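Engineer:
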Amino acid sequence: MAERAQAASLLRVFMIGAKHSCSLFWHCLPLFCAQDTPFHASGAGEPMSDWSASPPMSHDPEDALNELFSSVPAYEAVTEDVRVCVQVFWLPDQSEPDEHMYCWVYRIRIENAGSATVQLTERTWHITDASGRTEYVHGEGVVGEQPVIRPQNGFDYTSGVSLTTAGGFMRGSYHMRDLNSGRRFEIAIPAFSLDSPFQIRQIH
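Numbering (the numbering used here), first residue to last: 33 to 236.
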């Protein structure tokens, strides 16, 4: 747990600037994004379960982030040859349970296994807290970009979310455009749990 708190402290430096505020949630600015980076996950479709195990942490924030996620399972969804993988991790160092603020960081990998070049143009999120209240978020691109993903390549980005409850879940979709034909289509972001030691929620 100490190593995880250390990693969260290192990552905090990168969560800079304004936060989008509303009655239930605020959304941190992205931490990192990268084109064509490898994705490593220990499992698929499973929520986090072990709060104590963690690898040794680097003092470099980006390395610490990679080490942090190396032991976290992934949620996956495939739509029209595009695979979306999500990993999520609770941030104890940034959470303030006494103030009803619980924070998570998540990393998403989008892989294009098809033969056409595609572009991510918009995103839609459904963010539900432990009380069942849902916020709908829609916007252009991700992390300030509308990434173009060539065949057999991928795009990574990392961002964050907080809730006023100790658990919840997120699901959503990306709006894509086939740059070869101009066709527009939608791909699923798998539903994933936002879990903390204070309250473990299951996706229904």
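Quick reminder that beta carbons are idealized off the backbone N, C-alpha and C, glycines included. Just so it is clear, the structure is predicted and the values come from calculations on it, not from any experiment.
#1: Can you look up residue 161 in the DSSP assignment and give me helix, strand or coil?
#2: Along the chain, where does the beta strand (DSSP E) containing residue 173 start, and where does it finish?
#3: Please report the distance separating the alpha-carbon of residue 123 from that of residue 213.
#4: Helix, strand or coil for residue 210, going by three-state DSSP, please let me know.
#5: Would you decide whether residue 198 is buried or exposed? Buried here means 16 or more other CB atoms lie within 10 Å of its CB.
#6: By Cβ distance below 6 Å, which residues in the same chain neighbour residue 148 in space, the five residues on each side in sequence not counted?
#7: Do the region 169–185 and the region 120–136 meet, that is, are 3 or more Cβ pairs less than 8 Å apart?
#8: How long is the line joining the alpha carbons of residue 162 and residue 109, rounded to whole angstroms?
#9: CB-CB under 7 Å to residue 115, same chain, minus the five flanking residues each way: which ones, in chain order?
#10: Rounding to the nearest angstrom, what Cα-Cα distance links residue 215 and residue 207 in this structure?
#11: For the beta strand (DSSP E) holding residue 108, just list the boundary residues, first then last.
#12: If residue 179 sits next to residue 151, beta carbons under 8 Å apart, how far is it from one beta carbon to the other, in whole angstroms?
#13: Please name the residue in 182, 125 and 164 whose C-alpha comes closest to that of residue 201.
#14: Counting only the same chain and skipping the five closest in sequence on each side, list residues whose C-beta sits under 7 Å from that of residue 205.
#15: Three-state secondary structure (DSSP) at residue 123?
#16: Output needed for residue 166: all residues of its chain with C-beta closer than 8 Å, excluding positions within five of it in sequence on either side, in chain order.
#17: Counting C-beta neighbours from all protein chains within 10 Å, is the total for residue 224 16 or more, i.e. buried, or is it exposed?
Structural biologist: Working from what's here:
#1: The residue given as residue 161 occupies position 129 in the sequence shown. Residue state for residue 161 is assigned as strand, using DSSP reduced to three classes.
#2: In the sequence shown, the residue the question calls residue 173 occupies position 141. Counting along the chain, residue 173 falls outside any beta strand (DSSP E), and DSSP gives it neither H nor E.
#3: As a first step, residue 123 is located in the sequence shown; it is residue number 91 there, counting from the start. As a first step, residue 213 is located in the sequence shown; it is residue number 181 there, counting from the start. Roughly 42 Å separates the two Cα atoms.
#4: The residue you call residue 210 lines up with position 178 of the sequence shown. The three-state secondary structure of residue 210, taken from DSSP, is strand.
#5: Taking the sequence shown and counting its residues from 1, one reaches residue 198 at position 166. Counting of Cβ neighbours within 10 angstroms places residue 198 among the buried residues, the total reaching 16 or more.
#6: Sequence index remark: in the sequence shown, residue 148 carries index 116 (1-based). So the list reads 210 and 212, once near-sequence residues are dropped.
#7: Note that the region 169–185 does not touch the region 120–136; fewer than 3 beta-carbon pairs, one per stretch, sit closer than 8 Å.
#8: Numbered from its first residue, the sequence shown carries residue 162 at position 130. Numbered from its first residue, the sequence shown carries residue 109 at position 77. C-alpha separation (whole angstroms): 23 Å.
#9: In the sequence shown, the residue the question calls residue 115 occupies position 83. When the five nearest sequence neighbours on each side are left out, the beta carbons in the same chain lying within less than 7 Å of the beta carbon of residue 115 are those of 108, 143 and 145, in order along the chain.
#10: As a first step, residue 215 is located in the sequence shown; it is residue number 183 there, counting from the start. As a first step, residue 207 is located in the sequence shown; it is residue number 175 there, counting from the start. So the alpha carbons of these two residues sit roughly 11 Å apart.
#11: Along the sequence shown, one-based indexing puts residue 108 at 76. From DSSP, the beta strand (DSSP E) with residue 108 extends over 107–111.
#12: Numbered from 1 along the sequence shown, position 147 holds the residue referred to as residue 179. Numbered from 1 along the sequence shown, position 119 holds the residue referred to as residue 151. Residue 179 to residue 151, Cβ: 7 Å. Contact.
#13: Here residue 201 refers to the residue found at position 169 of the sequence shown. In terms of CA proximity to residue 201, 164 leads the group 182, 125 and 164.
#14: Position 173 of the sequence shown, counted from the start, is the residue given in the question as residue 205. Correct list, in chain order: 156, 218, 219, 220 and 221.
#15: Against the sequence shown, residue 123 aligns to sequence position 91. In the structure shown, the three-state DSSP call for residue 123 is coil.
#16: Within the sequence shown, numbered from 1, the residue matching residue 166 stands at position 134. Excluding positions up to five away in sequence, the list reads 158, 159 and 160.
#17: In the sequence shown, counting from the first residue as 1, residue 224 sits at position 192. So residue 224 counts as buried.
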